[in-house]
Amino acid sequence: MPFVYSPLYFAEIGAHVFPIKKYHMIYERLRTEHNFSAAAFIHPKPAARAQLLRVHDVVYLEDLERLRHTSRTLSSELPLTKQIVDMSILACGGTIRTAELALEHGIAVHIGGGFHHAFADRAEGFCYLNDLAVAIREMQNLGKIRRAMVVDCDLHQGNGTAKIFAHDPEVFTFSMHQDDLYPIKEESNLDLHLPNGLHDEEYLALLQMHLPPRLDAFKPELIVYQAGADPYERDQLGDLKLTILGLAQRDRLIYQWAKDRHIPLAVTLGGGYAYDTDDTVSIHVNTCRLAHEI
Numbered sequence: 073m074p075f076v077y078s079p080l081y082f083a084e085i086g087a088h089v090f091p092i093k094k095y096h097m098i099y100e101r102l103r104t105e106h107n108f109s110a111a112a113f114i115h116p117k118p119a120a121r122a123q124l125l126r127v128h129d130v131v132y133l134e135d136l137e138r139l140r141h142t143s144r145t146l147s148s149e150l151p152l153t154k155q156i157v158d159m160s161i162l163a164c165g166g167t168i169r170t171a172e173l174a175l176e177h178g179i180a181v182h183i184g185g186g187f188h189h190a191f192a193d194r195a196e197g198f199c200y201l202n203d204l205a206v207a208i209r210e211m212q213n214l215g216k217i218r219r220a221m222v223v224d225c226d227l228h229q230g231n232g233t234a235k236i237f238a239h240d241p242e243v244f245t246f247s248m249h250q251d252d253l254y255p256i257k258e259e260s261n262l263d264l265h266l267p268n269g270l271h272d273e274e275y276l277a278l279l280q281m282h283l284p285p286r287l288d289a290f291k292p293e294l295i296v297y298q299a300g301a302d303p304y305e306r307d308q309l310g311d312l313k314l315t316i317l318g319l320a321q322r323d324r325l326i327y328q329w330a331k332d333r334h335i336p337l338a339v340t341l342g343g344g345y346a347y348d349t350d351d352t353v354s355i356h357v358n359t360c361r362l363a364h365e366i
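Residue numbering for the sequence shown follows this note's numbering, beginning at 73 and increasing consecutively.
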């Protein structure tokens with residue numbers, strides 16, 4: 073089972089809650105503690121401009137390319153630098169490659185990506201480009217799939233993704249997220265708005281109640297799974313109370329449900345802002361390890 077990763081998944085962002093060093097830390101842990109060879113990691117190439125334009129507005133894309141500070145770019149809450157824009161474009165290429173590999177192998181994990189707050193025409197919430205949407209549109213454009221499902225289990229709703237696919241009957245958006253929290257909610261095909269303080273047992277019961285029936289009814293040809301680490305009980309930005317073991321069980325269930333139904337699964341890592349970055353890395357490493365074991 074392949075991983076997609078680039079050492080270029082880094083940018084100088086100053087003192088920031090986003091732990092951008094986590095990507096390299098995940099890679100190192102997988103190599104040293106879990107004995108994955110260098111050959112298991114596929115390096116992506118940047119998304120082409122035509123691929124980005126299948127999702128993003130041309131004026132907004134020009135703002136990014138020219139590093140223009142406009143109303144469309146200022147809401148990212150990140151610096152606007154060439155390094156960050158290049159990383160965002162590379163992450164889109166990474167999720168495209170992950171989707172391709174998932175269709176070939178059944179499952180693939182992107183050690184990166186998951187920038188689900190980016191809208192077609194603006195940045196938001198640490199996200200400049202919506203790599204999940206770009207990958208789905210590219211797979212559709214190539215004729216590899218018709219129907220896709222986004223399963224977003226980040227702490228925060230994937231508002232950009234929901235808006236991008238709002239009127240597309242070929243893409244089903246499923247999101248379970250803390251209700252009383254950023255962002256202003258868009259409408260997914262199914263939103264599970266979770267109360268503060270939700271623990272493992274309740275979370276997993278809701279997941280089991282709602283996701284398998286939607287998989288059976290919609291019958292996607294590809295799942296893009298946002299395996300956010302931020303529902304964790306010690307995350308700085310949220311008030312859900314999942315443990316590291318509970319998040320691993322979430323991943324295990326989703327992997328098994330996809331496997332049982334022979335649905336290819338492309339995984340992105342999304343958010344994670346634990347007080348101890350090692351906890352975030354451990355959650356993401358579990359996501360990768362369990363995908364390999366399934």
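Each residue gets a CB set at the ideal place from its N, CA and C atoms; glycine is no exception.
A quick note: this is a predicted structure, and the numbers were derived from the prediction, not measured.
Can you list, in chain order, the residues of its chain with a C-beta nearer than 6 Å to that of residue i? Leave out the 5 residues immediately preceding and following it.
i	result
S260	A234, T245, S247
T359	A299, D323
P118	I161, L162, G165
H115	S78
G318	D272
F90	F198
A301	G344, T352, I355, H356
Would you mind sorting residue i into buried or exposed? The rule is 16 or more other CB atoms within 10 Å of its CB.
i	result
E196	buried
A87	exposed
R209	buried
I256	exposed
E172	buried
A110	exposed
H271	exposed
A190	buried
P285	exposed
L124	buried
Y81	buried
S148	buried
N268	exposed
K367	With the chain running from 73 to 366 in the structure shown, residue 367 is simply not present.
H282	exposed
Specify, as a first and last residue, the run of the alpha helix (DSSP H) that residue i falls within.
i	result
V131	130-137
I326	316-332
A207	203-213
A363	349-365
V89	Counting along the chain, V89 falls outside any alpha helix (DSSP H), and DSSP gives it neither H nor E.
F246	Taken as a continuous stretch (DSSP letters only), F246 belongs to no alpha helix (DSSP H), being part of the beta strand (DSSP E) at 243-250.
H282	272-290
I236	231-236
I156	154-177
Using a Cβ-Cβ cutoff of less than 8 Å, which residues in the same chain neighbour residue i once the five nearest sequence positions on both sides are dropped?
i	result
H141	L152
Checking the sheet assignment: what are the DSSP bridge partners for residue i?
i	result
Y297	V223, V339
V127	None; V127 has no bridge partner.
E196	C199
H307	Per the sequence presented here, residue 307 reads as Asp, with His not at that position. Looking at the DSSP assignment, D307 forms a beta bridge with A346.
Start and end of the beta strand (DSSP E) containing residue i?
i	result
L266	262-266
If we cut at 7 Å on Cβ distances, does residue i have a partner in chain D?
i	result
H249	Judged by its chain identifiers, the structure shown contains no chain D, having just a single protein chain.
Might you give, ordered along the chain, the residues of its own chain that have their beta carbon closer than 7 Å to the beta carbon of residue i, omitting 5 neighbours on each side?
i	result
Y347	R306, Q308
Are three or more beta carbon pairs between the segment 331-344 and the segment 166-184 nearer than 8 Å? Counting C-beta pairs closer than 8 Å gives three or more between the segment 331-344 and the segment 166-184, which meets the contact rule.
Using a Cβ distance threshold of 8 Å, determine whether the segment 249-256 contacts the segment 204-222, with at least three qualifying pairs required. no
Between the segment 219-228 and the segment 277-297, can you find at least three pairs of beta-carbon atoms closer than 8 Å? yes
The segment 349-363 in contact with the segment 89-103 per 3-pair CB rule at 8 Å: yes
Would you call the segment 173-181 and the segment 132-149 in contact, with 3 or more CB pairs under 8 Å? no
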